[in-house]
Amino acid sequence: MLPALDRPLSLSPNSVWRERRAFAHYSQYAASLIAGELDMDFWGGVVPQVCRSEPAVWDAINAISALFESPEPCFDPVWLRQNDTNSQTLRLNHSDALRWYSRSLANMRRQIDRGSVDIHVALISCILFICIETLQGRVEEALRLYQQGVGLIFELRAGRTRMGSCPDTTLLEDTIIPIFLRLGTIALSISGVPVSGLLDEMQSLTGNTFSSLGSVRLAMTALAAEGMIFQRTVEEHFAIKGHEVPIPLAFKNKQEDIQNRLAAWHRAYTNLVNSSDPSELPSSVTSLLLTFHAATFIITTVCTQQLETAYDAYLPQFRLIVEQSSVHLEASSGPNGRQPPFTFEMGPGLSLFLTAIKCRDPCLRRRALQLLRKAPPVQGLYKCPPGATLAEAFMRLEESGHPECAGSYGESTRYDDTTLTSSVSEGQHAMSESETTIPLAGLIPEESRIHGYCVFRPRDDPWPLGDLDISKWNRGPDQIYLKFSRNRFDENTKTWRMVHDIVPIDY
């Protein structure tokens, strides 16, 4: 077991025992599940080493351990947390964890006020605090801490911080900053979160050769962030200009650039795999990287299209996401065969959510939903349960009135892992005729497909409501609604136009 703090922070024997027990649980169990395959040097090495001399880090580790052992996170959507007794339940059930967390925060604030805190300790503590907040499902607070950490990194680089210089740039550049880059990429999936300035420098991180899976992941993180930022930019353009105007040449050039670098990434990844010992390439990592690649390729390519049927050309990529996510979840399960309640890694959740809402093959999207529910509930800053609820609502709305799609939303009844063994090569777009007897556009026509959406509570934010009427639903003021848009073909103008609707959604 890793050495504990030389001088326990608590005086009572019972408190000392609980602290040491929490640390043992972290060292022997939680650290590896939080870290994933590639980050054990940080979670199992750097963090326990620092905690030997830093009480704030010691307390934060123990808080993480206690919350990880008995998780009761809030699964409300981000920005839409209910003002109910959930937080009070957390306080009662995790009194030790929250006391240690409070003590760690107070300790760190005192050091910052005195100007005596080490820059590494400050950034490591920030990461641990983000972990504590996300373990509780408090993503809003975690995002604020993330922004503070990014600000500290920029201050450090500019030499403006009161915490002095950074003597060990290797730890900062090779470990801490990549963690913040991955968090920033996940945060892009959350509506209302601005693009972090730290992501501006990510384009230079993609290369043509890789020396390790760590460098492969860093490059894929950069590409995924670029793809999501590009998707945001295009959607904002269409929201202002409409789909009638041609796509700007700059958008086409950017799209082609990302696609070319995705292809280069895949070639370099393949070269690394072919030249490496298979024992050095854990399937939990390689499978996850392939899902990110497929998802980024899909959103980058389709976001400039007006019609949702454009997604139908990418059924092989959706199948790859489902297949490789299944491989990842099998490889990453804990000793008891179940998924951990939380991982700090970029998990398969976002890619599975994309598949569940944008792949209109009834079997594949149900399998994606099943895996999304099986995955760790909290992955970095992404909460899977709200995503699964939203994806199921999409399926019900789109498939209503189309009996060919009828089936369970809880689990796949026609697909299992053995049917998802076909390999998908890069650039493969077309569907095989054997995959479906009815074209997807026939199963779910364009007019039934959801295009854009937002989830909101009119009491807090009435602006998305517009002229839509919610009185017919006769719901209370705390009700959350799903507003969505669909394409409708105008016979008079022979063009597609967007129409909006709204339904209540219960989390």
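Mapping to UniProt numbering: the sequence shown position 244 is 244, numbers consecutive. We treat Cβ as the ideally placed atom computed from N, Cα and C, and that holds for glycine.
Going by beta carbon distance, what residues of the same chain come within less than 7 Å of residue i, once the five residues before and after it are set aside?
i           : result
D416        : For D416, the predicted model reports a pLDDT of 40, less than 50, meaning its position is unreliable; a value from the coordinates is still stated below. Here the set comprises nothing.
residue 596 : Residue 596 cannot be examined here, being either before or after the span of the chain that is shown, 1 to 507.
Q460        : First, the residue type needs correcting, since residue 460 is Asp and not Gln in the sequence shown. Closer than 7 Å at Cβ, skipping near neighbours: no residue.
I470        : P458, Y481 and I502
T85         : Confidence is the limiting factor: at T85 the pLDDT is only 46, short of 50, which leaves the residue's position unreliable, though a coordinate-based value still follows. Nothing listed; no residue qualifies.
R217        : L38 and L289
F353        : L372, G387 and A391
L440        : D312, R360 and D361
How far does the alpha helix (DSSP H) with residue i in it extend, from its first residue to its last?
i    : result
N487 : N487 -> not in any alpha helix (DSSP H); beta strand (DSSP E) instead, spanning I480 to D490.
D257 : L249 to N274
G214 : L213 to K241
C131 : I119 to L135
N107 : S95 to R114
E173 : Careful: E173 lies outside any alpha helix (DSSP H) and carries neither H nor E.
T355 : G349 to K358
N62  : P55 to E69
V150 : V139 to A158
F394 : C384 to E399
L320 : L315 to A331
L369 : P362 to K374
Q49  : V47 to C51
Would you kindly work out how many angstroms separate the C-alpha atoms of residue i and residue j, rounded to a whole number?
i    : j    : result
F68  : I61  : 10 Å
L315 : L364 : 9 Å
A375 : E133 : 19 Å
A331 : S284 : 5 Å
Q317 : V57  : 42 Å
G349 : A393 : 17 Å
A49  : P385 : One point to set straight first is that residue 49 is Gln, not Ala, in the sequence displayed. Computed Cα separation, rounded: 34 Å.
A24  : C359 : 44 Å
S400 : P445 : 11 Å
V150 : V193 : 14 Å
R7   : F230 : Low confidence applies to R7: its pLDDT is 47, below 50, so where it sits in the model is not reliable, and the reading given next is rough at best. So the alpha carbons of these two residues sit roughly 51 Å apart.
I258 : F210 : 18 Å
Q479 : R114 : 46 Å
T233 : P248 : 12 Å
T389 : Y507 : 7 Å
S422 : A310 : With a pLDDT of only 38 at S422, under 50, the local geometry of the prediction cannot be trusted, and no value is derived from it.
I124 : W43  : 10 Å
Y26  : F292 : 29 Å
K472 : F456 : 17 Å
A22  : S15  : 11 Å
Which residues in the same chain have their Cβ closer than 6 Å to the Cβ of residue i, if we skip the five residues on either side of it in sequence?
i    : result
S275 : none
G184 : S196, L198 and L199
M228 : L188
G214 : L38
L468 : I502
S104 : A56, D59 and A60
R373 : A388
I190 : V78
Following the continuous beta strand (DSSP E) through residue i, name the residue where it begins and the one where it ends.
i           : result
V302        : First-last for V302: S283 to V302, but that is the alpha helix (DSSP H), not the beta strand (DSSP E).
residue 509 : Lying before the first or after the last residue shown, residue 509 is absent from the chain, which here runs from 1 to 507.
C454        : Y453 to F456
Excluding the 5 residues flanking residue i on each side, which residues of the same chain have their C-beta closer than 8 Å to its C-beta?
i    : result
H451 : E308, F484, S485, R486, N487 and M498
E447 : R486, N487, R488 and F489
I186 : M346, L350, Q379, G380, L381 and Y382
So is residue i buried or exposed if we call it buried at 16+ other beta carbons inside 10 Å?
i    : result
G347 : buried
P335 : exposed
I240 : exposed
D39  : buried
Q28  : exposed
F489 : exposed
P246 : exposed
Y269 : buried
H429 : Confidence at H429 is low in this model, with a pLDDT of 36, below 50, so the placement of that residue is unreliable and no value is reported for it.
A31  : buried
G442 : exposed
P278 : exposed
R366 : buried
Return the Cβ separation of residue i and residue j in integer angstroms, given the expectation that the two are a contact with Cβ distance under 8 Å.
i           : j    : result
residue 514 : A225 : The structure shown does not extend to residue 514, since the chain is modelled only from 1 to 507, so the question has no answer here.
A122        : L152 : 6 Å
P464        : C454 : 5 Å
C303        : E235 : 7 Å
S333        : Q339 : 6 Å
L135        : V378 : 7 Å
T221        : V46  : Contact flag wrong, Cβ pair sits at about 20 Å.
G159        : P73  : No, G159 and P73 are not in contact; Cβ-Cβ is about 39 Å, not under 8 Å.
Q148        : C126 : 6 Å
P341        : P71  : 4 Å
A368        : V322 : 5 Å
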